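Residue numbers for the sequence shown follow this note's numbering, so the first one is 4 and each next one is one higher. C-beta: ideal position from N, C-alpha, C; glycine also. Computed from a predicted structure; not experimentally measured. Notes to accompany the following structure.
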Amino acid sequence: MTRAVVVYCTKYGSTAEVAQAVADGLGADIADMVDMPDIHPYELIVVGSPVYGGSYLPVAIEFVEANKHLLAVRKVAAFITAAADIESPVGLTGEVDPLLYTQRDYAEGLARLTHGDVIGARGFGGRLVPQKLDEADLDTLEWFYRRLMSETLHGFDLLDLPAAHRWGEELRNVIGG
């Protein structure tokens, strides 16, 4: 079987949960990007990051940059988590807004950053637990909800761990595992 690893970064834990579900479905090793793991032994590298404010976590970009020569000659897949359920972005007129990005767009963007042989990219939702937010994130989201959404900040859970596990199984089938 092709050796595979799921390498992720997380801020509040949701991306780690998705990474574990993907790794379980794929039958892969798992590693946190913060530890800058050695990915040389692996033929498939799955990278995962949350998206905050339209950006991947900085450690995700650092990991990809630090491993760009190796990633460029490997099979890669990427996933993201985001506390938004945008799948069909629609503008104010009801028409598709090309300036809004879907979770798949963000996942594909992360995959493209690797310059590897991309075999898959997915988004798996996100989770918002206001009590777990650091002060800066809490202040930003409270402002966003109050000013732009005219409501109070509330938590939600849009993570789809069963879909992440199934995607891992699909990746295993793609690589012949």
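- Secondary structure note for P40: it is in no alpha helix (DSSP H), with a DSSP letter that is neither H nor E.
- Fewer than three beta-carbon pairs drawn from the region 56-64 and the region 20-32 are found closer than 8 Å, and the two stretches are therefore not classed as touching.
- Comparing C-alpha distances from G128 to each of A7, D137, Y109 shows the shortest one belongs to Y109.
- Taken atom to atom, the span from the alpha-carbon of K78 to that of F66 is near 16 Å.
- Sequence-distant Cβ neighbours of L73 in its own chain, meaning closer than 7 Å and more than five residues away, are I42, H43.
- Scanning its chain for C-beta atoms nearer than 6 Å, with the 5 sequence neighbours on each side dropped, one finds around C12 the residues M36, S52, L60, V62, A63, in chain order.
- Membership of Y109 in the alpha helix (DSSP H) is indicated by the continuous run 106-117.
- Burial is judged here by how many other beta carbons sit within 10 angstroms of a residue's own beta carbon; N70 has at least 16 and is buried.
- Within the same chain, Cβ atoms closer than 6 Å to the Cβ of A86 are found at G129, L131, the five residues on either side in sequence being excluded.
- Counting C-beta pairs with one atom in each stretch, the region 156-167 and the region 19-26 have three or more that are closer than 8 Å, which means they touch.
- Assignment of V132 by DSSP, reduced to helix, strand and coil, places it in the coil class.
- Linking R125 to R169 through their CA atoms gives a straight-line distance of about 11 Å.
- In this model, Q134 and E46 are separated by some 40 Å (Cα to Cα).
- For G158, the closest of N176, A166, G179, L136 by C-alpha to C-alpha distance is L136.
- In the structure shown, Y59 falls within a strand segment according to DSSP collapsed to helix, strand and coil.
- Restricting attention to I48, E172, R149, the CA atom closest to the CA of R6 is found in I48.
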